[in-house]
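From first to last, the protein sequence lines are chains A and B.
Counted from 1, the first sequence has number 497 at position 498 by numbering that gives the first Met the number 0; the numbering is strictly sequential.
Counted from 1, the second sequence has number 117 at position 118 by numbering that gives the first Met the number 0; the numbering is strictly sequential.
Note that CB positions come from ideal geometry on N, CA and C, so glycine has one too.
Below: the structure, in structure tokens.
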Amino acid sequence: MPIGRTSAVALIGLAGSIVEIEVDLSSNLPSFVLIGLPDAALGEARDRVRAAATNSGCALPNRKLTINLSPASLPKHGSGFDLGIAVAALAASGTISATSVEAVVHLGELGLDGRLRPVPGILPAVLAASRAGASTVMVPSGNADEASLVPGVRVVGVASLRDAAIWHGGDFTPVVVEPIAAPAAVERVDEHLDLAEVVGNEDAVEAMMVAAAGGHHVLLLGPPGAGKTMLAARLPGLLPDLDPQAALDVSSLRSLSGLPVGSTLITRPPFEAPHHTATAASLVGGGSGVIRPGAAARASHGILFLDEAPEFPRAVLDALRQPLESGVISIHRANAVAHFPGSFQLVMAANPCPCGQYGAKDSECACPPTARRRYLARLSGPLLDRIDIQLRVARITAAKLRMSQETPRTSTVDAKARVSAARARTAARLEGTPWRLNSQVPGSWLRSRGPRLAPATTAPIDRALERGGLTMRGYDRVLRLAWTLADLDGAEIPTADHVGRALYLRRAA
Amino acid sequence: MAAKDILGRRGEDVAAAALITRGYLVIERNWRCSQGEIDIVAVDGRETVFVEVKTRSGLAFGHPFESITATKLARVRRLAAAWCEAHPGSYDSIRIDAVAVVLPSSGVPTVEHLERVF
């Protein structure tokens, strides 16, 4: 029966599903019919596959080829199906072994010369294939390193369609071609920023450590030149390495965004700092045909830094509320729903008013009170409600600068060690619960019988609650911060001092 | 006669010979009307077959089948109807076939035959 079969992977978001490629060869005039909801790039596979097959010396038969991508109702996009279509067609014509082709998942784009080009999204695609039970995956040699990051699956990297045909038992003499390489991974610069470069502002440095230890969201409020951006850029350096699952998520998202991944999983938390002209789609992800991840998804398991947060359109900021609450970004479009991980740590920096000088000791604010109020009101209440640490950062004075030269400053290495110790302590304490970080723990649990603090310890916040200076939600946030502070100090249980400092971190704004 | 016409003529001869070998009865060749020309009309059992023959001297410019376009087949279909009209009789079923002939300047010609291409 002149039918060739193989599999490929269609990605929607990070989730991949196996697509069966069937090629039927019928005695009719040469034509190439591609069915099964291909997008424009996939539809053009017709011309790429024919040219590549001819130019690599294993021409397709001069008959009618009908290619069906099944399930036919699932939208498919991109050029990653080229290799599968080509080998299934060759299998249908009997040039190569049909059983060998059927057992392998094929991913890769064909060049007109028959060489295989690397495609984005290889890592999540191979992961999906492995989860669906595939044992062997054939990928372009430029993607072989990336594909090998998935454990438990055999990866075959091939440089050209001819190599692929030979691997499947085709009777061709090998021709050595220069493989097309994937772009090399670039080293990040923010990895080398040291916390010791921050002069003065010990409060803020401490707050950064608290944020890193507990995974708390942060709002830094202060005049221009106070070092808000500098502090935020040093936060990723304080975070511990990613665990294997998070590393796979982060690398998959990079791969899906078309960014280079390299030959090892990304183990450092990502840092994304979109500009304030960003649209909602660029932040959370979107697109009509292909749903692509946005900055918030790429920042998952790392830091999303929004500098000049009030300058972002309000709708854009509020689009972050759902991922902040659920840790998952869901993009709904007419033809599909894509889910991306969205468990990022949000760091926002803002000036206190449009001119930026309000509250600074060394200069006068020129804004009328209404403008000031309106400026910060752009950060909506529900959004601010989810920010645990709201810290005011002051500009450094000459006296502080002189003083700081004499006192030792916290370096990133020391701070990271303290953060790791605190995180280990938190994890040990939360053993047996679904949470790993203090920021994830719900307030009701903190107020329940076991972890409840003594009335003497919570007296200051109890009083604030009675007076109406603190809402119930705010109360819970202070409790969470207090636990993180206690974990950082190596204390068994938060003391009144920890609660007081937590209240300060919470209420500074 | 131009070189390409001579090639086409020889190709049609080869195609007709091949059809006869397969047991077809060739009843008309190069039938013309105002709409164009049918290369071969043959009878295969109860079916009347209209054959479009395409000849090439080599594969350097693609396979002969590749140059038989949908437009060309549509014309053959119209011509088939015209032929039936011009030759009153009962035609239970008709079909359109394509034959590709490759005639290298030296060596053996190759003939490929596809049934029901339209």
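For the alpha helix (DSSP H) containing Trp444(A), name the first residue and the last one.
For the purposes of this step, residue 444(A) is taken as residue 445 along the first sequence, with counting starting at 1. Annotation: the continuous alpha helix (DSSP H) that includes Trp444(A) extends over Gly442 to Leu445.
Taking any Cβ of chain A, which residues in the stretch 53-72 of chain B have a Cβ under 7 Å from it, in chain order?
His62, Phe64, Glu65 and Ile67
Distance between Asn27(A) and Glu84(B) (C-alpha atoms, nearest Å)
Indexing the second sequence from 1 puts residue 84(B) at position 85. Indexing the first sequence from 1 puts residue 27(A) at position 28. So the alpha carbons of these two residues sit roughly 27 Å apart.
Segment contact flag, the stretch 337-350 of chain A with the stretch 299-315 of chain A, C-beta cutoff 8 Å, min 3 pairs
Taking a cut-off of 8 Å for Cβ pairs, the stretch 337-350 of chain A and the stretch 299-315 of chain A touch, as three or more such pairs fall below it.
Which residues in chain A have a C-beta closer than 8 Å to the C-beta of Ala97(B)? List them in chain order.
Residue numbering aside, residue 97(B) sits at position 98 when the second sequence is read from its first letter. Under the 8 Å cutoff, chain A gives Leu28.
Could you give the first and the last residue of the continuous alpha helix (DSSP H) run that contains Thr54(B)?
For the purposes of this step, residue 54(B) is taken as the residue at position 55 of the second sequence. Where Thr54(B) is concerned, there is no enclosing alpha helix (DSSP H), although the beta strand (DSSP E) around it starts and stops at Glu46 to Arg55.
Backbone secondary structure at Trp166(A) - three-state DSSP
Within the first sequence, numbered from 1, the residue matching residue 166(A) stands at position 167. If DSSP states are grouped into helix, strand and coil, Trp166(A) belongs with the helices.
Here's a check: name, in chain order, each residue in its chain whose Cβ is nearer than 7 Å to the Cβ of Ala9(A), leaving out the five neighbours to either side.
Here the question's residue 9(A) lines up with position 10 in the first sequence. Excluding residues within five positions, the ones whose Cβ falls inside 7 Å are Gly15, Ser16, Val18, Leu73 and Lys75.
Span of the alpha helix (DSSP H), counted from its first residue to its last, around Trp434(A):
By one-based count along the first sequence, residue 434(A) stands at place 435. Counting along the chain, Trp434(A) falls outside any alpha helix (DSSP H), and DSSP gives it neither H nor E.
Whole angstroms are fine: how far does the CA of Asn437(A) sit from the CA of His497(A)?
Counting from one through the first sequence, the residue named residue 497(A) turns up at place 498. Counting from one through the first sequence, the residue named residue 437(A) turns up at place 438. About 14 Å.
Pair every Cβ in the stretch 112-132 of chain A with every Cβ in the stretch 244-255 of chain A, then say whether three or more of these pairs are closer than 8 Å.
yes
Pairing CB atoms from the stretch 476-495 of chain A with CB atoms from the stretch 0-20 of chain B, are three or more of them under 8 Å?
no
Give me the chain C residues within the contact set of Glu114(B), using Cβ-Cβ distance strictly less than 8 Å, ordered along the chain.
Protein chains in the displayed structure are A and B, and chain C is not among them.
Which chain B residues are close to Asn54(A), counting only those with a beta carbon under 9 Å from its beta carbon?
Numbered from 1 along the first sequence, position 55 holds the residue referred to as residue 54(A). Chain B residues near Asn54(A): none, gap ~14 Å exceeds 9 Å.
At the level of alpha carbons, what is the spacing between Arg435(A) and Leu480(A)?
Within the first sequence, numbered from 1, the residue matching residue 435(A) stands at position 436. Within the first sequence, numbered from 1, the residue matching residue 480(A) stands at position 481. If you take the alpha carbons of Arg435(A) and Leu480(A), they lie about 14 Å apart.
So, helix, strand or coil for Ala97(B), using DSSP?
On the second sequence, position 98 is the one that residue 97(B) refers to. In the structure shown, Ala97(B) sits in a strand (DSSP, three-state: E or B).
Listed by chain order, chain B residues near Asn334(A) by CB distance under 9 Å
As a working note, residue 334(A) is residue 335 in the first sequence. Within 9 Å Cβ-Cβ: nothing; Asn334(A) doesn't reach chain B, min ~31 Å.
Start-to-end residues for the alpha helix (DSSP H) that takes in Arg466(A):
Sequence index remark: in the first sequence, residue 466(A) carries index 467 (1-based). DSSP places Arg466(A) inside the alpha helix (DSSP H), whose first and last residues are Pro454 to Arg466.
Cutoff 6 Å; reference Ala14(B); Cβ partners in own chain excluding five residues on either side:
By one-based count along the second sequence, residue 14(B) stands at place 15. Here the set comprises Val52, Val98 and Val100.
Does the distance from the C-beta atom of Gly35(B) to that of Arg74(B) stay below 8 Å?
Along the second sequence, read from residue 1 onward, the residue named residue 35(B) stands at position 36. Along the second sequence, read from residue 1 onward, the residue named residue 74(B) stands at position 75. It is a contact, given that the beta carbons lie within the stated cut-off.
Any heavy atom of the ligand MN closer than 7 Å to the Cβ of Leu10(A)?
The ligand MN is not part of this structure, which contains no ligands at all.
What's the call for Ser55(A), buried or exposed, on a 16-neighbour Cβ count within 10 Å?
Here residue 55(A) refers to the residue found at position 56 of the first sequence. Result: buried.
If you drop the 5 nearest sequence neighbours on each side, which residues of the same chain put their C-beta closer than 6 Å to that of Tyr23(B)?
What you label residue 23(B) is simply residue 24 of the second sequence in a count that begins at 1. Excluding residues within five positions, the ones whose Cβ falls inside 6 Å are Ala41 and Asp43.
Report the rounded CA-to-CA distance for His216(A) versus Ala349(A), giving the unit in angstroms.
Your numbering for residue 216(A) matches position 217 in the first sequence. Your numbering for residue 349(A) matches position 350 in the first sequence. Answer to the nearest angstrom: the Cα atoms are 14 Å apart.
Should Ala294(A) and Pro309(A) be called a contact, given that it needs their Cβ atoms to be closer than 8 Å?
In the first sequence, counting from the first residue as 1, residue 294(A) sits at position 295. In the first sequence, counting from the first residue as 1, residue 309(A) sits at position 310. No, Cβ-Cβ distance for Ala294(A) and Pro309(A) is not below 8 Å.
With DSSP collapsed to three states, give me the class of Ser419(A).
Counted from its first residue, the first sequence places residue 419(A) at position 420. Ser419(A) falls in the helix class under three-state DSSP.
Going by the CB atoms, is the gap between Gly236(A) and Ile179(A) shorter than 8 Å?
Within the first sequence, the letter at position 180 stands for residue 179(A). Within the first sequence, the letter at position 237 stands for residue 236(A). Contact: no.
Count the other C-beta atoms from every protein chain shown that fall within 10 angstroms of the C-beta of Asn29(B), then say buried if there are 16 or more, exposed otherwise.
Within the second sequence, the letter at position 30 stands for residue 29(B). The residue is exposed, with fewer than 16 neighbouring Cβ atoms inside 10 Å.
Can you give me the Cβ contacts of Leu33(A) inside the same chain, cut-off strictly under 7 Å, excluding the 5 residues immediately before and after it?
Counted from its first residue, the first sequence places residue 33(A) at position 34. Taken in chain order, the residues that qualify are Gly42, Ala44, Arg45 and Ile66.
Straight-line Cα distance separating Pro268(A) from Pro206(A):
Working through the first sequence from its first residue, we reach residue 206(A) at position 207. Working through the first sequence from its first residue, we reach residue 268(A) at position 269. Looking at the sequence shown, residue 206(A) is not Pro but Ala. So the two alpha carbons sit approximately 19 Å from each other.
My parser needs the alpha helix (DSSP H) runs of 4 or more residues fully inside the stretch 302-340 of chain A; what are they?
Taken in chain order, the whole alpha helix (DSSP H) runs of length 4 or more contained in the stretch 302-340 of chain A are 313-317 and 320-325.
Less than 6 Å between C-beta atoms, sequence neighbours within five positions excluded: which residues of the same chain meet that for Asp38(A)?
Working through the first sequence from its first residue, we reach residue 38(A) at position 39. For Asp38(A), where only same-chain residues beyond five positions count, the Cβ hits under 6 Å are His76 and Gly288.
Run through chain B and tell me which residues come within less than 9 Å of Asn142(A), C-beta to C-beta.
Here residue 142(A) is taken as the residue at index 143 of the first sequence, counted from 1. Residues of chain B passing the Cβ test: none, with the nearest at roughly 33 Å.
Please classify Lys3(B): does DSSP put it in a helix, a strand, or coil?
Working through the second sequence from its first residue, we reach residue 3(B) at position 4. In this structure, Lys3(B) counts as helix in the three-state DSSP scheme.
Chain-order list of residues whose beta-carbon lies under 7 Å from that of Pro60(A) (same chain, five-residue window excluded)
Position 61 of the first sequence holds residue 60(A). Taken in chain order, the residues that qualify are Leu24 and Ser92.
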